Amino acid sequence: MLNRRTLITSSLAAFAVAGTSCAAPEGSGGDPRAMLLADGYEPSSLNPLLGYARSGAAKFYDGLLAFDGNGQLHPALAAEQPSPADGARTWTVRLRRDVRFHDGSPFRARDVVATYRAAIDPAYAATISSGLSMLEDVEAVDEHTVRFRLNIPYAAWPARMVMGILPESALAEAVPQSESPINTQPVGTGPYRLAEWRRGERMLWRANENYWGGTPRISEITVVFATDDNTRAQRVQAGEFDGTVLPPLLAERVGNGSYRTVHHDTADYRAITLPADQPVTGDLAVRMALNLAANRSEMVDSLLGGHGEPAYTPIPESMGRFHEPDAKLEFDQRRARRILDEAGWRAGSDGIRTKEGTRASFTVMYFADDTLRKKFAQAFASDAGKVGVRVELAGVDRAEAAERIGTDAIVLGGGSPLDPDLQMYSGLHSSMIGTGTYRNPAKYRNERVDSALDAGRRTVEPAERARHYKAAQRAYVADPGLVYLAFIQHSYVVRTGVWEGYEPVVEPHTHGTTWGPWWNVEDWTPQK
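Under mature numbering (1 follows the signal peptide of the UniProt record, and there is no 0), read the sequence shown as residues -23 to -1, 1 to 505, first letter to last.
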């Protein structure tokens, strides 16, 4: 059987998670075919239609396409790259013939049709439907070919094909997916099956012996859920786990001779929204001044230990041809003060500016359970204060944030490296206003940005697409609607001397034990 590794076309060469040799690991009980990991996050559902592994890396499922270490898409359940027609309104996909679901049923075109139709049918109440608004229908051309019909020309459609495919039988009844057995009993075609799930404690994955890409050599993976970062770090230091995800500074401290610390580049940004309807943040002069006042490099160094990079737009350097290096808003607090002065924002006796009776003050929310977002909010507030803008901070839960997001600013996080459309359109295009809580939450409007993003969607040729997205970034920095602060690296510790097969990868906002060093664990082998 053809091994999945031969299908991956990453330009990054695989290398061993080796380092110095070590004794048989405690975490895996001395068996290199088993692995014990710790995660700080437990999924609420394992259903792709409810957002599970929407960026790929779903161990229980395969998408039509998958990614390699550089975030490039390659065929998975598809037999070859999808073929566009009609100006990228139609996409035809030929399917693999040697695939079976975990329940033994063969994978066919009707399963793809059922999955994508359920994703956009209101009767199924799929939470991913908002990201598939461009899909008009999907049909089975024959048993091994499907055709997607879109309502707009959409060059980024392949990035929507990483979603896990469900068997048609699991979707036979049109009911809200919150009621589906798939949420806790996944049936996919992926390299691992769910053997056990003890809520709040752990999951056990077992290798799919009939996996189309070859039976994984790591036959059993246990994932323990431990939400506290310090607790996970201590348990790793005690040799209990084979690896975990940790904040960068803590990961550096945990790494030792038995564990290696790795940091992955991402498209995962942290930004401050600046609501356009708010009297202070709606002023272009204030928005520009706040962008110039933010000491991004200092934030990366002090908050991330250098494991990240300053952000000025949503497109990181790791997205290659789509990144515009000249789209920057450099740190310059003197210029920020001058812009505010010229716009009529005058400093009062307390140092806070006012204009026509309006005080330069607004609130920035952050999720109360997210320490890193709190730190970014504090650093931003400090920098804003140095140019005469007062920022009040509010730690809130997600329900309260959703109610206030149109009025108050918030520390935003998100990102996907699979396509610039996923990275920019929903956050900045004016058509997204009012279509979802986190879809253009700042209510940003810029005709030049809209035009460039629309052109990027319609254009299939890569070099031409890149020109449009670079133009969108240049137009954005001339009239910023948020303060993008940083792209953060994701940090992990992993036991050395036991397995080989690790490849670095550019990660999305979503991360953890299905990502990290283990994004391709189905291709790992015990070290010889």
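The beta carbon of each residue, even a glycine, is placed where N, CA and C say it ideally should be. Since the model is a prediction, treat every value here as computed from it, not as a measurement.
Rounded to the nearest whole angstrom, the CA to CA distance from Ser155 to Glu319 is 54 Å. In the DSSP assignment, Met180 is bridged to Trp174, Val200. Fewer than three pairs of CB atoms, one per stretch, sit closer than 8 Å, so the stretch 250 to 263 makes no contact with the stretch 57 to 69.
Between the alpha carbons of Pro158 and Ser146 lies a gap of roughly 12 Å. The continuous alpha helix (DSSP H) containing Arg434 extends over residues 424 to 435. By the CB criterion at 8 Å, Arg71 and Ala55 fall inside the cutoff.
In the DSSP assignment, no residue is bridged to Arg416. Secondary structure of Ile249 (DSSP, three-state): strand. Inside the stretch 276 to 343, DSSP marks whole alpha helix (DSSP H) runs of 4 or more residues at positions 310 to 319, from first to last along the chain. Rounded to the nearest whole angstrom, the C-alpha separation of Ala43 and Ile465 is 23 Å. In the displayed model, Arg74 falls within coil according to three-state DSSP, outside both helix and strand. For Asp16, the uninterrupted beta strand (DSSP E) run begins and ends at 11 to 16, by DSSP. Taking Asp303 as the centre and dropping the five residues before and after it, the same chain places the C-beta of Arg451 closer than 8 Å to its C-beta, in chain order. Under DSSP, Asn233 takes part in a beta bridge, and its partners are Tyr236. The stretch 354 to 362 makes contact with the stretch 266 to 275: 3 or more CB pairs, one atom from each, lie closer than 8 Å.
Under DSSP, Gly390 takes part in a beta bridge, and its partners are Arg247. Residue pairing by DSSP places His241 opposite His467 in a beta bridge.
With respect to the 8 Å criterion, Leu143 and Pro25 are classified as neighbours on the basis of their beta carbons.
The stretch 181 to 201 makes contact with the stretch 158 to 169: 3 or more CB pairs, one atom from each, lie closer than 8 Å.
Rounded to whole angstroms, the separation of the alpha carbons of Ala378 and Ile387 is 8 Å. The shortest CA-to-CA distance from Ala448 to any of Thr384, Ser393, Gly282, Leu430 is the one to Leu430. For the beta strand (DSSP E) assignment, the uninterrupted runs of no fewer than 3 residues enclosed by the stretch 13 to 93 are, from N- to C-terminal side, 42 to 44, 50 to 52, 60 to 62, 67 to 71. Residue pairing by DSSP places Trp496 opposite no residue, since no beta bridge is assigned to it.
Collapsing the DSSP output to three states places Leu143 in coil. Contact between His241 and His51 does not hold, since their C-beta atoms are separated by about 19 Å, which reaches or exceeds 8 Å. Per the Cβ contact rule, the stretch 282 to 290 is not in contact with the stretch 364 to 378 (fewer than 3 Cβ pairs under 8 Å). Judged by DSSP secondary structure, Thr208 falls within the alpha helix (DSSP H) whose first and last residues are 206 to 214. Pairing Gly365 with Arg315 gives a Cβ-Cβ distance that is not under 8 Å. Non-local beta-carbon contacts of Val426 in its own chain, meaning distances under 7 Å to residues more than five positions away in sequence, involve Leu405, Ala449, Ala452, Tyr453 in chain order. Beta-bridge partners of Arg124 (DSSP): Thr69, Glu116. Annotated as distal: Val231 and Val475, with beta-carbon spacing of 8 Å or more. When DSSP states are grouped into helix, strand and coil, Thr502 belongs to the strand group. Taking the C-beta atoms as reference points, Trp322 is found no nearer than 8 Å to Ala345.
With a beta-carbon spacing of about 7 Å, Val139 and Leu395 fall inside the 8 Å limit used to define contacts. Residue environment analysis places Tyr18 among the exposed positions, since fewer than 16 neighbouring C-beta atoms fall within 10 angstroms of its C-beta. Taking C-alpha positions only, Pro20 is separated from Arg312 by approximately 45 Å.
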